[in-house]
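Trainee: This is the structure I have questions about; it appears just below.
Number of protein chains: 2
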Amino acid sequence: MKRHQVTIIDIAKELNLSKSTVSRALTGHKSVKPDTRQAVLELAEKLDYQRNMLAISLITKKTNTIGIIVPEFHSSYFPKAIIGAQEVASKAGYSTVICQSDETYETEVANTRVMLANQVDGILVSITKETRNFDHLKIFQRKGIPIVFFNRVCDEMDVPKVIVDDYDGSFRAVSHLIERGRKRIAHLAGPSSLKISEKRLNGYKAALRKHNIPFDEELVISYDLNIEKVKIYVNHLLNLESPPDAIFAVNDPTAIETIQVIKKRGLKVPDDIAIVGFSNDFVSGLIDPALTTVAQPVKEIGQAAAQLLIDQINRELADWKAIIKVLKTELIIRKSS
Amino acid sequence: MKRHQVTIIDIAKELNLSKSTVSRALTGHKSVKPDTRQAVLELAEKLDYQRNMLAISLITKKTNTIGIIVPEFHSSYFPKAIIGAQEVASKAGYSTVICQSDETYETEVANTRVMLANQVDGILVSITKETRNFDHLKIFQRKGIPIVFFNRVCDEMDVPKVIVDDYDGSFRAVSHLIERGRKRIAHLAGPSSLKISEKRLNGYKAALRKHNIPFDEELVISYDLNIEKVKIYVNHLLNLESPPDAIFAVNDPTAIETIQVIKKRGLKVPDDIAIVGFSNDFVSGLIDPALTTVAQPVKEIGQAAAQLLIDQINRELADWKAIIKVLKTELIIRKSS
DNA sequence: TGGTAAATTGGGAACATTCCCAATTTGCGG
DNA sequence: CCGCAAATTGGGAATGTTCCCAATTTACCA
Numbered sequence: 017m018k019r020h021q022v023t024i025i026d027i028a029k030e031l032n033l034s035k036s037t038v039s040r041a042l043t044g045h046k047s048v049k050p051d052t053r054q055a056v057l058e059l060a061e062k063l064d065y066q067r068n069m070l071a072i073s074l075i076t077k078k079t080n081t082i083g084i085i086v087p088e089f090h091s092s093y094f095p096k097a098i099i100g101a102q103e104v105a106s107k108a109g110y111s112t113v114i115c116q117s118d119e120t121y122e123t124e125v126a127n128t129r130v131m132l133a134n135q136v137d138g139i140l141v142s143i144t145k146e147t148r149n150f151d152h153l154k155i156f157q158r159k160g161i162p163i164v165f166f167n168r169v170c171d172e173m174d175v176p177k178v179i180v181d182d183y184d185g186s187f188r189a190v191s192h193l194i195e196r197g198r199k200r201i202a203h204l205a206g207p208s209s210l211k212i213s214e215k216r217l218n219g220y221k222a223a224l225r226k227h228n229i230p231f232d233e234e235l236v237i238s239y240d241l242n243i244e245k246v247k248i249y250v251n252h253l254l255n256l257e258s259p260p261d262a263i264f265a266v267n268d269p270t271a272i273e274t275i276q277v278i279k280k281r282g283l284k285v286p287d288d289i290a291i292v293g294f295s296n297d298f299v300s301g302l303i304d305p306a307l308t309t310v311a312q313p314v315k316e317i318g319q320a321a322a323q324l325l326i327d328q329i330n331r332e333l334a335d336w337k338a339i340i341k342v343l344k345t346e347l348i349i350r351k352s353s
Numbered sequence: 017m018k019r020h021q022v023t024i025i026d027i028a029k030e031l032n033l034s035k036s037t038v039s040r041a042l043t044g045h046k047s048v049k050p051d052t053r054q055a056v057l058e059l060a061e062k063l064d065y066q067r068n069m070l071a072i073s074l075i076t077k078k079t080n081t082i083g084i085i086v087p088e089f090h091s092s093y094f095p096k097a098i099i100g101a102q103e104v105a106s107k108a109g110y111s112t113v114i115c116q117s118d119e120t121y122e123t124e125v126a127n128t129r130v131m132l133a134n135q136v137d138g139i140l141v142s143i144t145k146e147t148r149n150f151d152h153l154k155i156f157q158r159k160g161i162p163i164v165f166f167n168r169v170c171d172e173m174d175v176p177k178v179i180v181d182d183y184d185g186s187f188r189a190v191s192h193l194i195e196r197g198r199k200r201i202a203h204l205a206g207p208s209s210l211k212i213s214e215k216r217l218n219g220y221k222a223a224l225r226k227h228n229i230p231f232d233e234e235l236v237i238s239y240d241l242n243i244e245k246v247k248i249y250v251n252h253l254l255n256l257e258s259p260p261d262a263i264f265a266v267n268d269p270t271a272i273e274t275i276q277v278i279k280k281r282g283l284k285v286p287d288d289i290a291i292v293g294f295s296n297d298f299v300s301g302l303i304d305p306a307l308t309t310v311a312q313p314v315k316e317i318g319q320a321a322a323q324l325l326i327d328q329i330n331r332e333l334a335d336w337k338a339i340i341k342v343l344k345t346e347l348i349i350r351k352s353s
């Protein structure tokens with residue numbers, strides 16, 4: 017078993033050449049005699065030579081690697097976004113290091129160090145619900161390492177962001193419920209630390225206002241996205257003196273869990289209560305009843321974010337600080353409303 | 017904006033020390049005066065110093081990175097397995113480079129090169145449905161880089177493998193259908209190139225034999241896992257002179273799609289046709305009707321594979337060549353059967 | 001056939017770090 | 001206050017590559 021990896025020097029020695037020449041032959045430099053190149057290439061193939069990216073990156077100060085930090089892997093959202101991002105990245109010759117912060121600030125900071133130590137050329141980030149301090153991300157800015165936020169963005173940093181129009185999506189979802197005759201619409205909102213929760217809440221409020229339905233604080237519950245708690249909150253809503261006739265959930269997993277709870281109580285969806293979610297997870301069309309939801313172009317979000325990052329790495333982006341890419345959502349009406 | 021990254025030499029100069037001393041202070045070597053260490057650590061913190069893993073890895077010949085190559089990301093199977101693997105890996109101080117081969121041999125070979133170039137300390141692999149030649153994976157063996165297969169394994173290589181008992185799971189699934197009185201059970205099988213397809217098919221045949229049901233070739237269809245084709249095959253089965261009263265699908269996505277096709281034809285599941293899947297995807301319990309399926313401990317598979325890999329990297333594994341870890345499946349009976 | 005330009009090749013620094021060995025400093029007992 | 005061992009620090013090679021500049025070879029024309 018070869019402990020020693022094959023290097024260009026091995027090839028050079030074998031062919032009585034200098035490492036410079038071998039390097040040139042291997043990298044496809046023009047100034048090397050065709051015969052020589054041929055010989056080098058053949059021997060390299062024969063010896064299973066693989067260029068050592070560590071050494072190359074050390075010199076070129078480029079790793080051709082981008083980092084992706086996401087809060088979780090449980091919904092289909094982030095995996096799908098990552099697929100999109102990887103697609104664009106690998107097409108551009110970049111590999112990907114993925115870290116999952118598990119929705120904790122501490123892990124996110126740790127992930128950040130891994131990325132830095134690994135000299136990634138740029139990072140794609142969606143923050144945790146806990147993240148309030150952004151120093152660990154500002155380090156990248158200070159070091160000149162491009163950074164792009166997607167989905168869960170940081171407002172106080174001037175870097176490119178990719179989001180969907182949460183306000184608008186939310187507005188249309190709630191308007192739809194109102195048009196179906198619902199009067200008491202509850203909202204299971206996300207944690208107020210996240211911008212997206214806030215925007216979706218605002219869309220909800222705006223739709224009510226537009227249709228002259230009074231806002232009832234009692235009907236809005238902010239929760240920490242811990243899916244196990246949905247049961248408690250839904251039951252709380254149903255036990256209200258004047259219970260809701262519809263629930264708009266901040267995302268699909270929440271909506272799906274809500275439906276399960278309601279069904280378990282013997283109530284009918286949508287007859288007794290209509291439900292609308294947000295994101296159009298893969299599951300949502302398959303459950304019973306199929307979930308009405310605001311579809312996000314998740315894969316496209318990942319693609320757009322990666323593209324923005326790579327353009328920035330290649331310095332092909334003028335005034336990238338200002339870029340905020342807002343993708344459109346689409347209301348998909350199914351059986352649950 | 018600092019273009020130049022902070023190095024130990026910067027710290028050394030600033031403190032009138034040699035790079036050796038700074039290196040020792042930073043790595044926690046004992047033979048350095050407490051005052052000195054303190055000063056180094058403080059300055060490092062102040063300057064946002066981050067160790068350059070490229071240089072370290074170049075010397076130590078260890079990257080603390082493991083590679084994972086999976087065929088796809090569309091079902092929840094591989095993401096879930098990756099979560100498990102990452103959990104174990106990051107706990108052991110390893111980061112992860114993930115590549116997706118998109119079910120094509122060519123991409124898998126390319127991924128393999130990326131791993132090699134990035135000097136990963138080991139790889140976790142689940143092969144594509146196309147992979148018949150394993151030279152690109154044998155290179156790792158030859159170079160002494162540990163490799164562990166999971167789920168879709170390569171029989172001709174003597175390396176650790178993590179699988180479930182496909183034969184047994186399949187056997188029990190089909191036996192269950194027979195016990196429910198089904199007589200003509202079809203099997204939508206995977207491509208014969210994959211060992212798991214073969215084993216599941218064998219389990220199917222064995223269950224029929226045990227219950228004295230004649231094997232009917234007409235009822236077994238091997239397909240390439242391209243989900244769009246399910247429609248064709250299911251319709252073909254339903255149009256048979258003597259159509260099946262149950263279908264055992266090679267995996268859950270196939271089973272779910274099968275149910276959709278059947279419902280669209282106006283038939284009832286399970287009244288007209290019972291359906292059983294394999295894997296217990298997250299969706300399967302939520303669809304209508306809820307899918308009976310053979311549950312796999314997916315996350316545990318990822319964990320076990322990563323653990324095996326890391327043990328092998330740390331040379332803590334005696335006779336690892338022989339290790340084949342077989343995890344148990346569990347038949348989950350729901351409404352579709 | 002010599003000269004010069006072009007083609008090809010070689011030599012070494014540089015990248016950021018570790019690690020071995022040697023050099024220097026410190027501390028302590030006599 | 002000296003000597004010697006222990007504690008601390010410094011110097012330089014090594015890791016595998018690229019890239020610049022210089023050296024060598026080749027080719028072609030007068």
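Heads up: the sequence lines are chains A and B, in that order. Just so we're aligned, residue 17 is where the first sequence starts under my numbering, counting upward by one. Just so we're aligned, residue 17 is where the second sequence starts under my numbering, counting upward by one. Every residue gets a Cβ at the ideal spot worked out from N, C-alpha and C, and that includes glycine.
Helix, strand or coil: which one does DSSP assign to serine 111 of chain A?
Mentor: Reduced to three states, the DSSP call for serine 111 of chain A is strand.
Trainee: Run the CB neighbour count on proline 176 of chain B, radius 10 Å, all protein chains shown included, and call it buried at 16 or more, exposed below.
Mentor: That one is buried.
Trainee: My assumption, with CB atoms under 8 Å, is that threonine 309 of chain A sits in contact with isoleucine 348 of chain A. Please give the rounded CB distance.
Mentor: Confirmed, about 6 Å.
Trainee: Grouping DSSP H, G and I as helix and E and B as strand, with all else coil, what is isoleucine 194 of chain A?
Mentor: In the structure shown, isoleucine 194 of chain A sits in a helix (DSSP, three-state: H, G or I).
Trainee: Isoleucine 340 of chain A: buried (16+ other C-beta within 10 angstroms of its C-beta) or exposed?
Mentor: With fewer than 16 Cβ atoms within 10 Å of its Cβ, isoleucine 340 of chain A is classed as exposed.
Trainee: When the distance is taken between beta carbons, is glutamate 146 of chain A closer than 7 Å to threonine 128 of chain A?
Mentor: Result no, Cβ atoms of threonine 128 of chain A and glutamate 146 of chain A do not sit closer than 7 Å.
Trainee: Taking the beta carbon of alanine 205 of chain B as the centre, do at least 16 other beta carbons fall within 10 Å, making it buried, or is it exposed?
Mentor: Result: buried.
Trainee: Interface residues of chain A around serine 73 of chain B at Cβ under 7 Å?
Mentor: In chain order: Leu70.
Trainee: For the candidate residues B/Ala133, B/Asp51, B/Val56, whose alpha-carbon lies nearest to that of leucine 74 of chain B?
Mentor: Checking every option, the nearest Cα to that of leucine 74 of chain B belongs to B/Ala133.
Trainee: Quick one: which unbroken beta strand (DSSP E) runs of 3-plus residues sit fully inside the region 208-243 of chain B? Chain order, please.
Mentor: The qualifying runs are 236-238.
Trainee: Under a CB-based cut-off of 7 Å, is alanine 133 of chain A close to chain B?
Mentor: True, the Cβ-Cβ gap to chain B drops below 7 Å.
Trainee: With distances taken between CB atoms, is the gap from valine 285 of chain A to serine 191 of chain A smaller than 7 Å?
Mentor: No, Cβ-Cβ distance for valine 285 of chain A and serine 191 of chain A is not below 7 Å.
Trainee: Rounded to whole angstroms, what is the Cα-Cα separation between methionine 131 of chain B and leucine 193 of chain B?
Mentor: Cα-Cα distance, rounded: 44 Å.
Trainee: Spell out whether any CB of chain B is found under 7 Å from the CB atom of phenylalanine 264 of chain A.
Mentor: No, because no Cβ of chain B sits closer than 7 Å to the Cβ of phenylalanine 264 of chain A.
Trainee: Please determine if the region 306-321 of chain A and the region 276-284 of chain A are in contact, where contact requires at least 3 C-beta pairs separated by less than 8 Å.
Mentor: Because the criterion of three Cβ pairs below 8 Å is not met, the region 306-321 of chain A and the region 276-284 of chain A do not touch.
Trainee: By a C-beta neighbour count over all protein chains shown, 10 Å radius and 16 as the cutoff for buried, is aspartate 268 of chain A buried or exposed?
Mentor: Label assigned to aspartate 268 of chain A: buried.
Trainee: I need the DSSP call for histidine 252 of chain B, collapsed to helix, strand or coil.
Mentor: Here histidine 252 of chain B sits in helix by DSSP.
Trainee: In terms of alpha-carbon separation, which member of A/Arg148, A/Phe187, A/Arg350, A/Glu88 lies closest to serine 208 of chain A?
Mentor: Per the Cα distances, A/Arg148.
Trainee: Taking the straight line between their C-alpha atoms, what separation do you get for glutamine 328 of chain A and tyrosine 65 of chain B?
Mentor: Approximately 24 Å, taken between the alpha carbons.
Trainee: List, from N- to C-terminal side, the beta strand (DSSP E) runs of 3 residues or more that fit wholly inside the region 48-98 of chain B.
Mentor: As far as the region 48-98 of chain B is concerned, its whole beta strand (DSSP E) runs of at least 3 residues are 81-86.
Trainee: Taking the C-alpha atoms as reference points, what is the distance between lysine 221 of chain A and phenylalanine 187 of chain A?
Mentor: Each residue's Cα considered, the two are about 8 Å apart.
Trainee: May I ask you to list the residues that DSSP assigns as paired with phenylalanine 156 of chain B?
Mentor: BP columns for phenylalanine 156 of chain B are empty, so no partner.
Trainee: Would you identify the three-state DSSP class for glycine 301 of chain B, choosing helix, strand or coil?
Mentor: In the structure shown, glycine 301 of chain B sits in a helix (DSSP, three-state: H, G or I).
Trainee: List the residues of chain A whose Cβ lies closer than 7 Å to the Cβ of valine 130 of chain B, in chain order.
Mentor: Result: Ser111.
Trainee: Any idea what DSSP makes of glutamate 124 of chain B, helix, strand or coil?
Mentor: Reduced to three states, the DSSP call for glutamate 124 of chain B is helix.
Trainee: Less than 8 Å between C-beta atoms, sequence neighbours within five positions excluded: which residues of the same chain meet that for isoleucine 355 of chain B?
Mentor: As displayed, chain B neither begins before 17 nor continues past 353, which places residue 355 of chain B out of reach and without an answer.
Trainee: What three-state label does DSSP hand glycine 206 of chain B in the structure shown?
Mentor: Looking at glycine 206 of chain B - three-state DSSP - the assignment turns out to be coil, as it is neither helix nor strand.
Trainee: Just the Cα atoms here: how many angstroms apart are glycine 301 of chain B and isoleucine 317 of chain B?
Mentor: Answer to the nearest angstrom: the Cα atoms are 21 Å apart.
Trainee: Since I believe aspartate 261 of chain A is in contact with isoleucine 237 of chain A (beta carbons under 8 Å), could you give me their beta-carbon distance rounded to a whole number of angstroms?
Mentor: 16 Å between Cβ atoms; not a contact.
Trainee: Going along the chain, which unbroken runs of the beta strand (DSSP E) with 3 or more residues stay wholly within the region 297-349 of chain A?
Mentor: With a minimum length of 3 residues, the continuous beta strand (DSSP E) runs that stay inside the region 297-349 of chain A are 308-311, 340-343, 346-348.
Trainee: Which residues mark the beginning and the end of the alpha helix (DSSP H) in which lysine 279 of chain A is found?
Mentor: Counting along the chain, the alpha helix (DSSP H) containing lysine 279 of chain A begins and ends at 268-280.
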